[in-house]
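Below is one structure, written out as structure tokens, with a few remarks after it.
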Amino acid sequence: MAERLSGTSAEESPEPQTSRSRRRYKATNMAFEVMVEMVAILRREDYDGKKGPYTRPNMRKDKIMSLVVTTIEEKFGIKRAKKQLRKRWSDLKTREPEQYWRIKKVLKKREKRLRQQSEDPRTPPSHQPESGITPSPSPRPHPPDDLEEGEVEEVGKICTPPSDVLVVDGQAAEPFSTDSTQRLIGQIMVWNGQIDRMREQIDMRNWLNSMQQEMKNMIDILGRL
1 MAERLSGTSA EESPEPQTSR SRRRYKATNM AFEVMVEMVA ILRREDYDGK KGPYTRPNMR
61 KDKIMSLVVT TIEEKFGIKR AKKQLRKRWS DLKTREPEQY WRIKKVLKKR EKRLRQQSED
121 PRTPPSHQPE SGITPSPSPR PHPPDDLEEG EVEEVGKICT PPSDVLVVDG QAAEPFSTDS
181 TQRLIGQIMV WNGQIDRMRE QIDMRNWLNS MQQEMKNMID ILGRL
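Residue 1 is where the sequence shown starts when you use full-length UniProt numbering, and the numbers rise one by one after that.
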């Protein structure tokens, strides 16, 4: 009889339940590179609203977390729920400060590397000048100020120096970056200023010529009287 009761109780006993901390670990477990990508997006988009205030903060946070879900799925092929990502973000800041510090250190190195590449994308890191002194560009010729009356300076053809163009045989030209675009815009503005000054000089000379001709006509008329 005792054996029968013990067998019945063993059959009816429920399975051992997973502890709450174990369930939380399973829900928030994530590879390090995935956490780095998540933290990079949340910090860049100011998920916690430290730079706010923002209108509709809850809706804004939900959109940012949707962006994290999409990015992780596209980049790593892993689908995570927003609730899991929120728990992972909260654990990093409150329960795992050392892990969060490691991730921020990785992000700082990545930002530094991207900043160096954006400064001179055409120069590999091993060929950058060690002195840190950027060679000054050659001065552009300015129009002479001693032009005689009636003379007009001949404007030469504007061309780009070979050193400013990077073309490799069998490969397409390197696409413009933000830094190279800014340099071109600055050079165009300099040339526009030079052309405007030349036009002003030509207009001034034409106006002086016109005044001199009118004065000669007036003198001729006075001589006939």
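No residue lacks a Cβ here, since even glycine has one placed at the ideal position from N, Cα and C.
The model shown is predicted, which means the values in this text are computed figures rather than measured ones.
- Using a 10 angstroms sphere on the CB of Tyr54, the tally of other CB atoms stays under 16, which defines it as exposed.
- In this structure Ala40 touches Leu107 by the C-beta definition: roughly 6 Å separates them, less than 8 Å.
- Look at Ala31 here: in three-state DSSP terms it is coil, with no helix or strand label.
- The Cβ-Cβ distance between Lys82 and Glu73 does not fall below 8 Å.
- Distance from the CA of Pro57 to the CA of Gly49, rounded to the nearest whole angstrom, comes to 8 Å.
- Under the criterion of beta carbons closer than 8 Å, Glu37 and Thr71 qualify as touching, at roughly 6 Å.
- Straight-line measurement puts the Cα of Lys104 at about 10 Å from the Cα of Arg110.
- When DSSP states are grouped into helix, strand and coil, Pro97 belongs to the helix group.
- A Cβ-Cβ contact shorter than 8 Å links Leu42 with Trp89.
- Separation of Ser210 and Gly193 (C-alpha to C-alpha, rounded to the nearest whole angstrom) is 26 Å.
- Between Val69 and Leu92, the beta carbon gap of about 17 Å keeps them out of contact (Cβ cut-off 8 Å).
- Of the residues assessed, Met215 falls on the exposed side of the cut-off, its CB having fewer than 16 other CB atoms within 10 angstroms.
- The alpha-carbon of Lys75 is positioned some 20 Å away from that of Tyr47.
- For Leu208, the enclosing alpha helix (DSSP H) has its first and last residue at 178 to 224.
- Glu119 and Asp179 do touch by the CB rule: their CB atoms are close to 7 Å apart, below 8 Å.
- Cα atoms of Lys61 and Leu67: separation of roughly 10 Å, rounded to the nearest angstrom.
- In the three-state reduction of the DSSP assignment, Pro57 falls in the helix class.
- In this structure, the alpha-carbon of Gly223 lies about 16 Å from that of Gln212.
- C-alpha of Met189 to C-alpha of Arg197: approximately 12 Å in a straight line.
- DSSP, read as helix, strand or coil, puts Arg80 in coil.
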